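J.:
There are 2 protein chains.
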Amino acid sequence: MAPSASRRLDRLVQALQRLPGVGARSASRMAYHLLQHDRDGALQLAQALQAAAEGIRHCALCHTFSEEEVCPTCADPSRDTGLLCVVETPADQAALERTGAYRGRYFVLMGRLSPLDGIGPDHIGVRPLLERLQAQPPVREVILATNFTAEGEATAHVVGELARALGLKATRLARGVPVGSELEYVDLGTIAHALADRR
Amino acid sequence: MAPSASRRLDRLVQALQRLPGVGARSASRMAYHLLQHDRDGALQLAQALQAAAEGIRHCALCHTFSEEEVCPTCADPSRDTGLLCVVETPADQAALERTGAYRGRYFVLMGRLSPLDGIGPDHIGVRPLLERLQAQPPVREVILATNFTAEGEATAHVVGELARALGLKATRLARGVPVGSELEYVDLGTIAHALADRR
Ligand SMILES: [Zn+2]
Ligand SMILES: [Zn+2]
Numbered sequence: 001m002a003p004s005a006s007r008r009l010d011r012l013v014q015a016l017q018r019l020p021g022v023g024a025r026s027a028s029r030m031a032y033h034l035l036q037h038d039r040d041g042a043l044q045l046a047q048a049l050q051a052a053a054e055g056i057r058h059c060a061l062c063h064t065f066s067e068e069e070v071c072p073t074c075a076d077p078s079r080d081t082g083l084l085c086v087v088e089t090p091a092d093q094a095a096l097e098r099t100g101a102y103r104g105r106y107f108v109l110m111g112r113l114s115p116l117d118g119i120g121p122d123h124i125g126v127r128p129l130l131e132r133l134q135a136q137p138p139v140r141e142v143i144l145a146t147n148f149t150a151e152g153e154a155t156a157h158v159v160g161e162l163a164r165a166l167g168l169k170a171t172r173l174a175r176g177v178p179v180g181s182e183l184e185y186v187d188l189g190t191i192a193h194a195l196a197d198r199r
Numbered sequence: 001m002a003p004s005a006s007r008r009l010d011r012l013v014q015a016l017q018r019l020p021g022v023g024a025r026s027a028s029r030m031a032y033h034l035l036q037h038d039r040d041g042a043l044q045l046a047q048a049l050q051a052a053a054e055g056i057r058h059c060a061l062c063h064t065f066s067e068e069e070v071c072p073t074c075a076d077p078s079r080d081t082g083l084l085c086v087v088e089t090p091a092d093q094a095a096l097e098r099t100g101a102y103r104g105r106y107f108v109l110m111g112r113l114s115p116l117d118g119i120g121p122d123h124i125g126v127r128p129l130l131e132r133l134q135a136q137p138p139v140r141e142v143i144l145a146t147n148f149t150a151e152g153e154a155t156a157h158v159v160g161e162l163a164r165a166l167g168l169k170a171t172r173l174a175r176g177v178p179v180g181s182e183l184e185y186v187d188l189g190t191i192a193h194a195l196a197d198r199r
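In order, the protein sequences belong to chains A and B.
Quick note: the first sequence uses UniProt numbering, first residue 1, plus one each step.
Quick note: the second sequence uses UniProt numbering, first residue 1, plus one each step.
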């Protein structure tokens, strides 16, 4: 973008491009929209960004974003401390929580292994996970709930090996035909897995 | 999105959705990215938003975004005050400036007429334009440089009628074949206009 009549506007368009997926054109469109129609929204966003950047850390136990040393889920005494479900992101954790079917603890990796993108074990929460697995109270089963993508599978493999090396049981979410789907429309790999994992 | 372990995070995801084109999923992705990888970017964006929302107003003469009462372009005494080029947005103005072929003044509508979306003359800068056309020093020619879209053409029509009603000359940017293009690949409407406007 050519510099505009306002340095503050230029700086805003620049700063908006720090957001993932936002290029020069959409940053410019966002800035115009906020200044022309929603200055209140701009100020609210400014406050929310500052509050989040300054007040959010990682939970000491599960590594998810938290405002406290230990997040509410980890602090809940009614949850089974022997079960540790390993997920990639807080959004994945939220999806599992919505099922209401799990009452153990979580560990949030905040990413997945992706060697092709240079994302190795040190870039995601493998080190704090290792500490977590060796801490008290003891974990009896690690449930690998990373995504069923190539990278999620690779991550599950590495975390599973790690858990087994520490003498812990490691299980993986079952693959299979989604509830409510017709076989005709399910991809062949999924059907093959559903056949192999039949029970 | 389900509420997360952090109210600050929830508030940030909400606030990011005030940006045009950003839904719940991408707001969430943006928030994670900033918190996980770019807190510095989050703070810079917060400051840029606040500085822009509090320090940017409209130039009293051309209506574009400006930090001063009158923007640098309008304050430049070397520019011809008799020529007034009417554009839709600051980005359009910047495109014209990059050509280096225009040394008159501008008026930035900050939008375009779009009756189907309920955007009438009062929603864009038609009222300040009317004042501008009647102010001193006098304008001798209004150059209609709105986009060559249906809405831009309708806007040019309305602004042109307005200028002519005030006894001013109103011209439109020429339509024609883009420089460097092969006729074979140019759309027929453009070729028809280029034929009609041949010189
Ligand atoms: Zn936690
Ligand atoms: Zn101006």
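Just so you know, even glycine gets a beta-carbon here, dropped at the ideal spot from N, CA and C.
Model, not experiment: these values are computed from the prediction.
Just how far apart, CA to CA, sit G111(B) and L9(A)?
T.: C-alpha separation (whole angstroms): 17 Å.
J.: Does any C-beta atom of chain B lie closer than 8 Å to the C-beta of A65(A)?
T.: Before going further, note that residue 65(A) is Phe rather than Ala in the sequence given. So yes, F65(A) belongs to the interface.
J.: Could you list which residues in chain A have their beta carbon closer than 7 Å to that of R29(B), in chain order?
T.: Within 7 Å Cβ-Cβ: P20.
J.: Say whether the region 79-98 of chain B touches the region 28-47 of chain B, bearing in mind that this needs 3 or more beta-carbon pairs closer than 8 Å, one atom from each stretch.
T.: With a cut-off of 8 Å, the region 28-47 of chain B and the region 79-98 of chain B do not count as touching, because too few Cβ pairs lie within range.
J.: Three-state secondary structure (DSSP) at C62(B)?
T.: C62(B) falls in the coil class under three-state DSSP.
J.: Return the residue from the list Q17(B), Y32(B) and R164(B) that minimises the CA-CA distance to V139(B).
T.: Nearest C-alpha to V139(B): R164(B).
J.: Return helix, strand or coil for C71(B), following the three-state DSSP convention.
T.: Coil.
J.: Just checking S66(B) against ligand 2 - is the residue's beta carbon closer than 7 Å to any of the ligand's heavy atoms?
T.: Because some heavy atom of ligand 2 lies under 7 Å away, the Cβ of S66(B) counts as near it: yes.
J.: Determine whether the Cβ of M1(A) lies closer than 8 Å to any Cβ atom of chain B.
T.: Per-residue confidence for M1(A) stands at a pLDDT of 44, beneath the threshold of 50, marking its modelled position as unreliable; the derived number appears in the next sentence. Yes, contact with chain B.
J.: Whole angstroms are fine: how far does the CA of A15(A) sit from the CA of D38(B)?
T.: Spanning the two alpha carbons is a distance of roughly 11 Å.
J.: Just the residues with CB closer than 5 Å to a heavy atom of ligand 2, in chain order, which are they?
T.: So the residues near ligand 2 by this Cβ test are C59(B), L61(B), C62(B), C71(B) and C74(B).
J.: Between H33(A) and chain B, is the shortest Cβ-Cβ distance under 8 Å, so that the two count as touching?
T.: At least one chain B Cβ lies under 8 Å of H33(A).
J.: Step through the CB atoms of chain A and report whether any lies within less than 8 Å of the CB of V86(B).
T.: By this cut-off, V86(B) is not an interface position.
J.: Please classify S28(B): is it buried, with 16 or more other beta-carbons within 10 angstroms of its beta-carbon, or exposed?
T.: S28(B) should be labelled buried.
J.: According to the Cβ coordinates, are L173(B) and A145(B) closer than 8 Å?
T.: Yes, these two residues count as a Cβ contact at 8 Å.
J.: Using a Cβ-Cβ distance under 8 Å, would T149(A) count as near chain B?
T.: No - not a single Cβ of chain B is within 8 Å of the one on T149(A).
J.: Do three or more CB pairs link the region 60-73 of chain A to the region 65-85 of chain B at distances below 8 Å?
T.: Not touching, per the Cβ criterion.
J.: Might you give, ordered along the chain, the residues of its own chain that have their beta carbon closer than 6 Å to the beta carbon of G125(B), omitting 5 neighbours on each side?
T.: Same-chain partners within the cutoff: H63, L109 and M110.
J.: Closer than 8 Å, CB to CB, is A156(B) near chain A or not?
T.: With 8 Å as the cut-off, A156(B) does not count as an interface residue toward chain A.
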